[in-house]
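Let me begin by presenting the structure, written as structure tokens, before commenting on it.
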DNA sequence: TATTAATGACTGACTGGTCAGTCATTAATA
DNA sequence: TATTAATGACTGACCAGTCAGTCATTAATA
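Residue numbers (the working numbering), protein chains in the order written: chain C, 112 to 313; chain H, 112 to 313.
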């Protein structure tokens, strides 16, 4: 019945999560040291284990948290007309990454499709959800004659890999001062029209 | 003056390298255990250190080796007319990955652009070389009016991310019985024409 | 040719350091 | 005082890298 701690458990959990995210990004490694997270969160290591079963659970929580945030943004697209939905999805992805750079680094660096470790499972699941939002939009766009017929899963993966591409480009040239709106346009152009000149045939 | 070993040093080095590659793929982790490599190569751990300074050097050698193989294939494209060059590059990438599946897994999983560890340096360098081959072809294609004007680095990154996309798709649906030729065509179509229907405007 | 010495490639038990997870103790609250 | 949160020193597993010793092979000698 007593709570000697200075803050509510939820807040503390959040602090640990944030610390873990920061450490994960700074280390730029796949792994993190629990001691580092504890130090960053200004708690004892033992305390951390009151909030998370083990390191795996902690890392899973970090990714789960991140992609839940992203997912809630992508929901804005549902209900919009097909192409608008795609534009919104692109925009939300890119702006989300703009607003949380380290997070973007994490999401881009960890490819959820190619990881089999336990810690990646929730992320993969979430990305599956992102995919299904995309797939729906793409199906609709094809039905409306706005996209040429194709395997929607390929289309969705392609779209996501374009998002990834833009983020990679930004990370490479750390200037990255291209305004969001034109990035979105460029992305959609690549997706819809490719790079071939209009008059040429392949 | 004596060579008690049953095989020439070059062969042995190769065996270690192959073992390391296999372990790296099977573990599906970023890391590997030197003991595992030694066991796989059927040599004592100490022997391994006669051929490689340390674990880093071993891993660097693995990636360096892999991308050198790929690079030599991509050279086939040099000299070809712009669009043919792109087709050849796509084809060589995909067929190379078909022939060496675990290697493909490695190359796709490790994103050379986003890693900072020492072991990734040679891979990043090589991929830089791949990029420059691509950039050249793309510049020529733009000059010839076959591609619309754009930042060639973006184009090259886009092309590579399409290659990656196709490999990811294949890894996801492990059936993957799409014939090479049609994959190449599909890739080029995405690159050149995108997914928009011909008559629609964005 | 038979015997012995020299060589160095190869071995694997060992070391030292790292780090995830534990738990006896302490501090805070009711 | 009773209860529970928080602590951090400790443990034990793990693993990269080492190095003193082995022994197959070659060279030298009789």
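Think of the CB as a built atom: it goes at the ideal place given N, C-alpha and C, for glycine as much as any other residue.
Residue i, DSSP secondary structure in three states
| i | result |
| --- | --- |
| residue 258(H) | strand |
| residue 157(H) | helix |
| residue 307(H) | strand |
| residue 238(C) | helix |
| residue 289(C) | coil |
| residue 297(H) | helix |
| residue 251(C) | helix |
| residue 302(H) | helix |
| residue 189(C) | coil |
| residue 142(C) | coil |
| residue 215(H) | helix |
Close beta carbons around residue i, own chain, < 6 Å, minus the five adjacent residues each side
| i | result |
| --- | --- |
| residue 143(C) | 134 and 135 |
| residue 131(C) | 148, 169 and 173 |
| residue 208(C) | 215 and 278 |
| residue 266(C) | 249 |
| residue 213(C) | 136 |
| residue 246(C) | 263 and 267 |
Extent of the continuous alpha helix (DSSP H) run through residue i
| i | result |
| --- | --- |
| residue 266(C) | 263 to 283 |
| residue 151(C) | 145 to 152 |
| residue 180(C) | 166 to 185 |
| residue 138(H) | 120 to 138 |
| residue 207(H) | 193 to 210 |
Beta-carbon proximity check, residue i vs residue j, cutoff 9 Å
| i | j | result |
| --- | --- | --- |
| residue 188(H) | residue 244(H) | yes |
| residue 282(H) | residue 216(H) | yes |
| residue 253(C) | residue 263(C) | yes |
| residue 305(C) | residue 300(H) | yes |
| residue 181(H) | residue 204(H) | yes |
| residue 307(C) | residue 259(H) | yes |
| residue 268(H) | residue 303(H) | no |
| residue 141(H) | residue 141(C) | yes |
Residues near residue i in its chain [Cβ-Cβ closer than 8 Å; skip 5 each side]
| i | result |
| --- | --- |
| residue 159(C) | 127, 145, 148, 149, 152 and 169 |
| residue 155(H) | 149 |
| residue 179(C) | 237 |
Beta-carbon contacts of residue i that lie in its chain and below 7 Å, excluding the five residues immediately before and after
| i | result |
| --- | --- |
| residue 196(C) | 188 and 248 |
| residue 199(H) | 187, 188 and 191 |
| residue 184(C) | 203 and 207 |
| residue 240(H) | 182 |
| residue 124(H) | 162 |
| residue 194(H) | 252 and 257 |
| residue 295(C) | 198, 201, 202 and 205 |
The ligand FMN heavy atom lying under 8 Å from the CB of residue i
| i | result |
| --- | --- |
| residue 269(H) | Because no ligand of any kind appears in the structure shown, any question about the ligand FMN cannot be addressed here. |
Open item on the list: Which residues of the stretch 281 to 302 of chain H have a Cβ closer than 9 Å to any Cβ of chain C? Give them in chain order.
Closed with: 282, 283, 284, 296, 297, 299, 300, 301 and 302
TODO: Could you please tell me which residues of the stretch 256 to 274 of chain H, in chain order, have their CB closer than 8 Å to any CB of chain C?
DONE: 256, 257, 258, 259, 261, 264, 265, 266, 268, 269, 272 and 273
- [ ] Name, going along the chain, the residues of the stretch 176 to 200 of chain H whose beta-carbon falls closer than 8 Å to a beta-carbon of chain C.
- [x] Within the stretch 176 to 200 of chain H, the qualifying residues are 194.
Open item on the list: For the stretch 145 to 172 of chain C, list every residue whose C-beta sits within 7 Å of some C-beta in chain H, in sequence order.
Closed with: none
TODO: Determine which residues of the stretch 234 to 253 of chain H have a Cβ less than 7 Å from any Cβ of chain C, and write them out in chain order.
DONE: none
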